[in-house]
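Data block below; observations after.
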Amino acid sequence: MIMEKLCPRFEKAMGLLSTRWVGLILSDLLGGTKRFSEMESDLPISGRLLSDRLKMLEKEGIVKRNIYSEFPVRIEYSLSDKGKALEPVIQEIQCWADNHVTEEELNTECE
């Protein structure tokens with residue numbers, strides 16, 4: 001049955017996208033190539049956690065890390081083609097959130 005083949009892939013994708021901060025990182029990188037320090041100042045996330053998430057996304061082939069041999073060394077992050085393919089998904093999630101997540105729900109902590 002087709003669903004049996006799709007379910008593990010769907011679960012993998014949802015697990016990845018639902019990892020804390022991944023959505024914000026992807027959304028930030030949809031704006032273009034960023035240096036680590038830019039992302040760190042753009043996002044409400046610690047540098048250590050940002051580094052961990054970027055490594056995870058790089059391992060998944062969603063984020064590319066480019067190292068430039070300058071002094072000091074410059075490292076930039078961008079979305080791979082696989083990552084760019086998530087743009088319509090991220091946009092649809094944003095659209096859904098704009099239409100269905102209330103201010104009251106934003107003030108309620110989810111754990």
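Each residue of the sequence shown is one higher than the one before, starting from 1 at the first, in UniProt numbering.
For every residue, glycine included, the Cβ atom is placed at its ideal position computed from N, Cα and C.
Consider the Cβ of residue i: report whether some Cβ of chain B lies at a distance smaller than 9 angstroms.
| i | result |
| --- | --- |
| Lys12 | The displayed structure is made up of one protein chain only, and chain B is not part of it. |
Near residue i, which residues of its chain fall below 8 angstroms by C-beta distance, leaving aside the five closest residues on each side in sequence?
| i | result |
| --- | --- |
| Arg65 | Leu54, Glu58, Ile75, Glu76, Tyr77 |
| residue 169 | It is not possible to answer for residue 169, since the shown part of the chain is limited to 1 through 111. |
| residue 112 | In this structure the chain extends from 1 to 111, so residue 112 is not present and cannot be described. |
Between the options, which has its C-alpha nearest residue i's C-alpha?
| i | options | result |
| --- | --- | --- |
| Ser51 | Pro72, Gly32, Tyr68, Trp21 | Trp21 |
| Glu60 | Gly31, Gly15, Asp28 | Gly15 |
| Leu56 | Leu106, Arg9, Cys95, Thr19 | In the sequence under discussion, the amino acid at residue 56 is Met, which differs from the Leu named in the question. Closest option to Met56, Cα to Cα, is Thr19. |
| Ala85 | Glu103, Ala13, Pro8 | Ala13 |
With 16 as the cutoff for other CB atoms within 10 Å, does residue i come out buried or exposed?
| i | result |
| --- | --- |
| Val101 | exposed |
| Leu49 | exposed |
| Gly32 | exposed |
| Gly83 | buried |
| residue 112 | Residue 112 is absent from the model: the chain starts at 1 and stops at 111. |
| Leu106 | exposed |
Over the uninterrupted alpha helix (DSSP H) stretch that includes residue i, give me the two end residues.
| i | result |
| --- | --- |
| Ala97 | 87 to 100 |
| Ser27 | 22 to 29 |
For residue i, which residues in the same chain have their Cβ closer than 6 angstroms to its Cβ, ignoring the five residues on either side in sequence?
| i | result |
| --- | --- |
| Glu38 | none |
Short of 7 angstroms in beta carbon distance, which residues of its chain neighbour residue i, apart from the five on each side in sequence? Order them along the chain.
| i | result |
| --- | --- |
| Glu87 | Leu30 |
To test your reading of the DSSP string, which unbroken beta strand (DSSP E) runs of 3 or more residues are found completely within the region 31 to 75? Listed in chain order, the complete beta strand (DSSP E) runs (minimum 3 residues) inside the region 31 to 75 are 63 to 68.
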